[in-house]
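Number of protein chains: 2
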Amino acid sequence: MKKAFLVKKGDIEIRDVDKPTLQKDDDVILKLVRASVCGSDLWFYRGIDSSSSDNSGHECIGIVEETGSVITTVKKGDFVIAPFTHGCGHCAACRAGFDGNCQSYQDIWSSDCQAEYVRYQHAQWALVKVPGQPEDYSDGMLASLQTLSDVMPTGYHAARTANVQQGDTVAVIGDGAVGLCAVIAVKLRGAKQIILLSHHEDRAQLGREFGATDIVEERGDDAVKKVMALTHGDGVDAALECVGARQPMEQALQMVRPGATIGRVGVPHDEQFDLGVSWANNTSIAGGTAAVTTYDKGVLLKAVLDGEINPGKVFTKSYKFDDVAQAYADMDQRKTIKSLLTF
Amino acid sequence: MKKAFLVKKGDIEIRDVDKPTLQKDDDVILKLVRASVCGSDLWFYRGIDSSSSDNSGHECIGIVEETGSVITTVKKGDFVIAPFTHGCGHCAACRAGFDGNCQSYQDIWSSDCQAEYVRYQHAQWALVKVPGQPEDYSDGMLASLQTLSDVMPTGYHAARTANVQQGDTVAVIGDGAVGLCAVIAVKLRGAKQIILLSHHEDRAQLGREFGATDIVEERGDDAVKKVMALTHGDGVDAALECVGARQPMEQALQMVRPGATIGRVGVPHDEQFDLGVSWANNTSIAGGTAAVTTYDKGVLLKAVLDGEINPGKVFTKSYKFDDVAQAYADMDQRKTIKSLLTF
Chain A
1 MKKAFLVKKG
11 DIEIRDVDKP
21 TLQKDDDVIL
31 KLVRASVCGS
41 DLWFYRGIDS
51 SSSDNSGHEC
61 IGIVEETGSV
71 ITTVKKGDFV
81 IAPFTHGCGH
91 CAACRAGFDG
101 NCQSYQDIWS
111 SDCQAEYVRY
121 QHAQWALVKV
131 PGQPEDYSDG
141 MLASLQTLSD
151 VMPTGYHAAR
161 TANVQQGDTV
171 AVIGDGAVGL
181 CAVIAVKLRG
191 AKQIILLSHH
201 EDRAQLGREF
211 GATDIVEERG
221 DDAVKKVMAL
231 THGDGVDAAL
241 ECVGARQPME
251 QALQMVRPGA
261 TIGRVGVPHD
271 EQFDLGVSWA
281 NNTSIAGGTA
291 AVTTYDKGVL
301 LKAVLDGEIN
311 PGKVFTKSYK
321 FDDVAQAYAD
331 MDQRKTIKSL
341 LTF
Chain B
1 MKKAFLVKKG
11 DIEIRDVDKP
21 TLQKDDDVIL
31 KLVRASVCGS
41 DLWFYRGIDS
51 SSSDNSGHEC
61 IGIVEETGSV
71 ITTVKKGDFV
81 IAPFTHGCGH
91 CAACRAGFDG
101 NCQSYQDIWS
111 SDCQAEYVRY
121 QHAQWALVKV
131 PGQPEDYSDG
141 MLASLQTLSD
151 VMPTGYHAAR
161 TANVQQGDTV
171 AVIGDGAVGL
181 CAVIAVKLRG
191 AKQIILLSHH
201 EDRAQLGREF
211 GATDIVEERG
221 DDAVKKVMAL
231 THGDGVDAAL
241 ECVGARQPME
251 QALQMVRPGA
261 TIGRVGVPHD
271 EQFDLGVSWA
281 NNTSIAGGTA
291 AVTTYDKGVL
301 LKAVLDGEIN
311 PGKVFTKSYK
321 FDDVAQAYAD
331 MDQRKTIKSL
341 LTF
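From first to last, the protein sequence lines are chains A and B.
Note that the working numbering numbers the first sequence so that position 45 is 45, with each residue one more than the last.
Note that the working numbering numbers the second sequence so that position 225 is 225, with each residue one more than the last.
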């Protein structure tokens with residue numbers, strides 16, 4: 001089968017390798033229908049993070065090809081979303097709705113998901129079955145289903161951990177695919193004012209379409225001032241940090257009203273912070289890895305299938321899997337917000 | 001009138017000074033019935049923090065002696081609790097239940113409250129009226145009412161910001177008066193397992209009386225291991241940091257299950273933390289200054305008057321105001337958990 005490899009910084013190539021096989025009794029082999037490039041893949045592509053895998057791809061939907069002996073929840077031929085973490089569904093973390101931090105297994109993270117076939121471990125509870133078959137759905141709906149493997153639940157996690165409530169005023173920092181999905185999530189949870197920090201008109205436009213009521217184009221402290229002005233000096237009820245860097249966290253800490261929560265979902269890269277600042281303002285700092293299976297089964301799959309949300313629009317370009325190198329390059333150069341891969 | 005002064009490190013003395021007078025139209029002058037020494041006063045007494053006031057005392061209950069021209073909520077002769085912060089009740093922070101971070105005024109903190117009379121600023125919303133007169137209550141009830149000026153609401157704040165829910169498993173780190181009041185608060189909110197970290201048998205005993213189900217005497221990493229064992233390896237749903245130092249925060253970060261919240265109410269003193277650790281475990285770090293008026297009016301005054309909670313027991317010794325120096329010295333040397341002052 002074909003599989004994409006990160007050969008070296010900035011260089012992705014497709015190689016022929018053996019198809020993966022069942023290795024444990026709770027494995028499932030999937031034949032992919034869609035895959036995609038995650039913002040976090042670019043950290044490896046750009047050489048900022050070193051990868052533990054030759055392929056950090058972890059977002060896909062597909063058809064069940066084979067099932068291990070203990071798998072009872074899906075069968076050959078089922079159409080499924082493959083969450084990028086694989087919770088057990090019964091440990092304390094999973095029961096509390098944090099299956100991205102499942103305590104039962106160490107190896108809960110997907111990888112090698114930019115390939116024609118994928119070995120999906122601990123599949124029994126984690127996989128999310130989609131009604132029908134891929135051919136029953138439009139390309140747009142398949143794109144939205146593909147977001148349910150990572151980016152849409154990750155945006156939702158920012159909103160959930162920031163405890164966004166009906167009627168809230170919320171700032172979303174970051175106009176990448178995660179930030180835009182966070183806008184969707186914030187609207188889904190009933191926020192009344194959604195302020196998106198965005199420096200790119202195409203992304204701001206999509207943000208507005210997803211529910212942003214205000215766009216802040218300013219940077220740094222000027223962005224904080226603008227958010228304070230938009231909230232009549234109060235500060236926001238919640239700030240969602242969807243970048244994973246120092247400056248947006250510092251902005252978030254400055255733009256929240258006392259007692260507000262910051263939901264962080266950007267993978268952190270520079271994390272020494274003075275918690276005296278958050279203490280002084282009663283700010284909660286929350287967030288981490290999304291609980292994909294919990295959100296998909298609980299809220300998001302229904303919202304997608306009902307057409308209530310349309311997160312697939314973050315894929316502004318689609319590529320044949322053979323063109324995966326171009327999919328990376330275009331996303332790296334911001335020619336697309338997020339790259340979809342078709343098979 | 002008599003007023004206590006911190007002359008220098010470890011030296012408290014009483015001096016005769018003029019009685020305070022109304023200076024602004026929302027001031028109230030109080031004649032004190034009870035005052036007390038706060039754990040945070042000891043930071044100044046021990047010379048660890050430098051004080052902006054000669055008297056950092058900020059806990060009292062008393063009788064309204066005079067009212068400024070705009071005060072309509074209390075009148076001369078009323079018996080009141082004087083919260084140590086003075087919120088307005090109508091800004092975004094106060095409306096969200098964080099009146100300890102009121103956005104309307106800069107000068108919301110009490111001071112100079114170890115004296116016979118106190119000038120209480122921004123009194124209109126902040127003061128909490130108690131039914132009847134001091135002579136209607138027992139000494140024990142007056143002690144409990146005195147805790148409502150700071151320590152009991154501060155313990156409650158740890159539990160509230162840590163989002164302690166019915167049925168939760170909670171660790172309370174710190175067996176001072178705040179930690180012990182946090183145990184009361186955690187029980188009041190319905191936690192089923194309350195683990196108190198305590199190294200002193202008298203404090204552990206009071207903790208058990210207040211609702212602690214388990215006492216952990218171990219220190220450092222051994223305490224974390226014990227908490228993990230007590231929770232069958234899961235970690236706690238919430239950890240309450242009631243010390244205000246680095247080590248208890250590090251313990252808290254290690255003993256929480258994924259997705260749990262740490263409520264911090266100890267005044268922070270060493271606050272550079274790696275937030276990558278909390279991100280990796282989806283831990284929320286919350287807390288700050290208590291919302292005393294909100295909690296007293298909403299929950300705590302009724303619970304005290306009903307005898308449902310009895311936080312006054314944290315005052316294990318009572319002193320005539322003239323003996324304030326002894327009250328500090330005994331608390332500093334752990335001869336009493338908390339020192340009550342009578343007039």
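Backbone N, C-alpha and C fix where the C-beta goes; we use that ideal spot for every residue, glycine too.
Pairwise C-alpha distance: Asn163(B) and Cys102(B): Position 102 of the second sequence, counted from the start, is the residue given in the question as residue 102(B). Position 163 of the second sequence, counted from the start, is the residue given in the question as residue 163(B). Using only the alpha carbons, I get a separation of about 21 Å.
Cβ-based burial, Asp222(B) [other Cβ within 10 Å; buried from 16]: Numbered from 1 along the second sequence, position 222 holds the residue referred to as residue 222(B). So Asp222(B) ends up on the exposed side.
Sequence ranges, alpha helix (DSSP H) only - wholly within the segment 141–216 of chain B, length at least 4: 151–161, 177–188, 201–210
Counted within 10 angstroms of its Cβ, other Cβ atoms place Thr67(B) as buried (16 or more) or exposed: If you number the second sequence from 1, residue 67(B) lands on position 67. Buried, since its Cβ has 16 or more Cβ neighbours within 10 Å.
Spatial distance of Phe84(B) from Gly298(B) (CA atoms): One-based indexing of the second sequence puts residue 84(B) at position 84. One-based indexing of the second sequence puts residue 298(B) at position 298. Approximately 17 Å between the Cα atoms of the pair.
Contact list for Pro83(A) against chain B, beta-carbon separation under 8 Å: Position 83 of the first sequence, counted from the start, is the residue given in the question as residue 83(A). Within 8 Å Cβ-Cβ: nothing; Pro83(A) doesn't reach chain B, min ~15 Å.
Complete alpha helix (DSSP H) runs within the segment 78–103 of chain B (minimum length 4 residues, chain order): 92–95
Contacts that Thr73(A) makes with chain B (C-beta to C-beta distance below 7 Å): Start at 1 with the first residue of the first sequence, and residue 73(A) comes out as number 73. Simply none; closest approach about 23 Å.
Thr67(A) - DSSP class collapsed to helix/strand/coil: Taking the first residue of the first sequence as 1, we reach residue 67(A) at position 67. Strand, per DSSP.
Any 3 or more C-beta pairs closer than 8 Å across the segment 154–163 of chain B and the segment 130–146 of chain B: no
Every unbroken beta strand (DSSP E) inside the segment 217–302 of chain A [3 residues or more]: 236–241, 256–264, 272–274, 284–287
Listed by chain order, chain B residues near Glu218(A) by CB distance under 9 Å: For the purposes of this step, residue 218(A) is identified with residue 218 of the first sequence, where counting begins at 1. By Cβ distance, chain B contributes nothing, its closest Cβ being about 22 Å from Glu218(A), past 9 Å.
Within chain A, partners of Asp274(B) - CB distance below 7 Å: In the second sequence, the residue the question calls residue 274(B) occupies position 274. Those within 7 Å of Asp274(B) in chain A are Glu271, Gln272.
Residue range of the alpha helix (DSSP H) that includes Asp11(B): Here residue 11(B) refers to the residue found at position 11 of the second sequence. First-last for Asp11(B): 11–16, but that is the beta strand (DSSP E), not the alpha helix (DSSP H).
Residues near Ala325(B) in its chain [Cβ-Cβ closer than 6 Å; skip 5 each side]: For this step, residue 325(B) is matched to residue 325 along the second sequence. Around Ala325(B): Ile12.
Those residues which DSSP pairs with Leu30(A) across a bridge: What you label residue 30(A) is simply residue 30 of the first sequence in a count that begins at 1. DSSP, once it has assigned bridges, lists Val64(A), Val118(A) as partnering Leu30(A).
Run of the beta strand (DSSP E) containing Phe315(A), from where it starts to where it stops: Locating residue 315(A) in the first sequence gives position 315, counting from the first residue. 315–320 is the span of the beta strand (DSSP E), which, as asked, contains Phe315(A).
Contact list for the segment 232–245 of chain B against chain A, Cβ threshold 8 Å: Gly233, Asp234, Gly235, Asp237
Supposed close pair Val227(B), Ile195(B) - CB separation, criterion 8 Å: For the purposes of this step, residue 227(B) is taken as the residue at position 227 of the second sequence. For the purposes of this step, residue 195(B) is taken as the residue at position 195 of the second sequence. The pair is a contact, with the Cβ atoms about 6 Å apart (cut-off 8 Å).
Closest Cα partner of Lys76(A) within the set Thr342(A), Phe210(A), Gly62(A), Asp139(A): The count along the first sequence starts at 1 and reaches residue 76(A) at position 76. For Lys76(A), the nearest C-alpha among the options comes from Gly62(A).
Sequence-distant residues of the same chain with beta carbon closer than 6 Å to Thr336(A), five excluded per side: In the first sequence, counting from the first residue as 1, residue 336(A) sits at position 336. These residues qualify, in order along the chain: Thr316, Lys317, Asp330.
Chain B contact residues for Gly97(A), given Cβ-Cβ distances below 8 Å: On the first sequence, position 97 is the one that residue 97(A) refers to. Those are Gly259, listed as they occur along chain B.
Candidates Tyr319(A), Ala260(A), Arg264(A), Arg208(A): closest to Pro311(A) by CA position: Taking the first sequence and counting its residues from 1, the one referred to as residue 311(A) is at position 311. Considering only alpha carbons, the answer is Arg208(A).
Assigned secondary structure, Phe343(B) (DSSP; H/G/I helix, E/B strand, else coil): Position 343 of the second sequence holds residue 343(B). Three-state result, Phe343(B): coil.
7 Å Cβ cutoff, Ala126(A) in contact with chain B: As a working note, residue 126(A) is residue 126 in the first sequence. Judged by the 7 Å Cβ criterion, Ala126(A) is not in contact with chain B.
CA-to-CA distance, Thr21(A) to Asp274(B), given in whole angstroms: By 1-based counting over the second sequence, the position of residue 274(B) is 274. By 1-based counting over the first sequence, the position of residue 21(A) is 21. About 40 Å.
Assigned exposure category for Gly155(B) - 16 Cβ within 10 Å defines buried: Locating residue 155(B) in the second sequence gives position 155, where the first residue counts as 1. Buried.
Residues near Asp237(A) in its chain [Cβ-Cβ closer than 7 Å; skip 5 each side]: For the purposes of this step, residue 237(A) is identified with residue 237 of the first sequence, where counting begins at 1. Excluding residues within five positions, the ones whose Cβ falls inside 7 Å are Asp168, Thr169, Val170, Arg257, Ala260.
7 Å Cβ cutoff, Ile48(B) in contact with chain A: Taking the second sequence and counting its residues from 1, one reaches residue 48(B) at position 48. False, the Cβ-Cβ gap to chain A never drops below 7 Å.
Per DSSP, the bridge partner or partners of Ser36(A): Reading the first sequence from its first residue, position 36 is the one you call residue 36(A). Ser36(A) is bridged to Leu340(A).
Members of the segment 284–309 of chain B near chain A, C-beta cut-off 7 Å: Ser284, Ile285, Ala286, Gly287, Gly288, Thr289
C-beta atoms of Asp99(B) and Ala303(B) nearer than 7 Å: Within the second sequence, the letter at position 99 stands for residue 99(B). Within the second sequence, the letter at position 303 stands for residue 303(B). Taking 7 Å as the Cβ cut-off, Asp99(B) and Ala303(B) do not qualify as a contacting pair.
Cβ neighbour criterion (16 or more within 10 Å) applied to Ser138(A): As a position in the first sequence, residue 138(A) is number 138, starting the count at 1. So Ser138(A) ends up on the exposed side.
8 Å Cβ cut-off: residues of chain B touching Ser278(A): Against the first sequence, residue 278(A) aligns to sequence position 278. Neighbours of Ser278(A) on chain B, chain order: Ile285, Gly288.
Contact set between Arg264(B) and chain A, taken where Cβ atoms lie within less than 7 Å: Within the second sequence, residue 264(B) is the residue found at index 264, counting from 1. Neighbours of Arg264(B) on chain A, chain order: Trp279.
7 Å Cβ shell around Leu188(B) - same chain, five flanking residues per side excluded: The count along the second sequence starts at 1 and reaches residue 188(B) at position 188. Cβ within range, chain order: Ala303, Ile309.
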